[in-house]
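Undergrad: Right, I'll just put the structure down here and ask away after.
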Amino acid sequence: MTRKILLVNGPNLNLLGVREPGVYGTDTLDDIVDLVTETADGLGFGVRAAQSNHEGVLIDAIHAARTDCDAIVINPGALTHTSIALRDALSGVALPVAEVHLSNVHAREEFRHHSYISPIAEFVIAGAGIQGYEFAVRRLAHLLG
Ligand code: DQA
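See the structure below:
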């Protein structure tokens with residue numbers, strides 16, 4: 000059976016390409032899904048991609064991964080800085096988690112410096128643009144062996 004990565008993108012990431020291009024670049028969410036899918040495919044993994052602007056929908060997608068995915072790549076968007084529920088969902092399914100941010104959140108406003116997700120993530124990549132998602136897939140594949 001092919002191993003699978005769940006790719007999760009949180010609120011407002013559907014607007015990538017038009018949203019604050021000076022901060023987030025001009026690549027779109029489709030570009031991210033394509034990059035992750037191609038990278039994972041080359042490493043023998045399948046991908047299921049989920050994006051939502053609703054916290055509960057993201058939590059349901061994470062729960063669904065418990066039985067058929069091997070790892071999670073997540074850019075939780077602003078929920079990074081606010082959501083204990085999202086963190087509990089990730090802890091609950093006990094899959095290795097890669098936290099990815101397009102921008103360097105540490106070089107931005109103070110409220111973006113804290114992440115509820117980072118303490119339960121295997122690793123965090125911030126500020127590498129969409130390449131960060133590719134790195135995350137490669138690292139997870141390496142960790143999974
Ligand atoms: C983001 C950073 C968050 O602070 C912000 O709310 C986002 C995107 C990033 O990818 O850089 O929506 O997660």
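Numbering (numbering that gives the first Met the number 0), first residue to last: 0 to 144.
Think of the CB as a built atom: it goes at the ideal place given N, C-alpha and C, for glycine as much as any other residue.
1) Is the number of C-beta pairs between the segment 92 to 112 and the segment 19 to 31 that are closer than 8 Å three or more?
2) Considering only heavy atoms of the ligand DQA, does any lie closer than 7 Å to the CB of His-112?
3) Contact check, Ile-58 vs Ala-84 under 8 Å by CB: the rounded distance?
4) Less than 7 Å separating the Cβ of Ala-106 from some heavy atom of the ligand DQA?
5) The beta strand (DSSP E) spanning His-141 covers which residue range?
6) If Ala-140 sits next to Leu-42, beta carbons under 8 Å apart, how far is it from one beta carbon to the other, in whole angstroms?
7) Starting from Phe-110, follow its DSSP beta bridges and name the residues at the other end.
8) What's the gap between the Cα of Arg-138 and the Cα of Ser-82?
9) Could you check whether the Cβ of Gly-76 sits closer than 7 Å to any heavy atom belonging to the ligand DQA?
TA: So, from the listed chains and residues:
1) yes
2) no
3) 6 Å
4) no
5) Run containing His-141: none in the beta strand (DSSP E); it sits in the alpha helix (DSSP H), 130 to 143.
6) 4 Å
7) According to DSSP, which records beta bridges pairwise, Phe-110 is partnered with nothing at all.
8) 25 Å
9) yes
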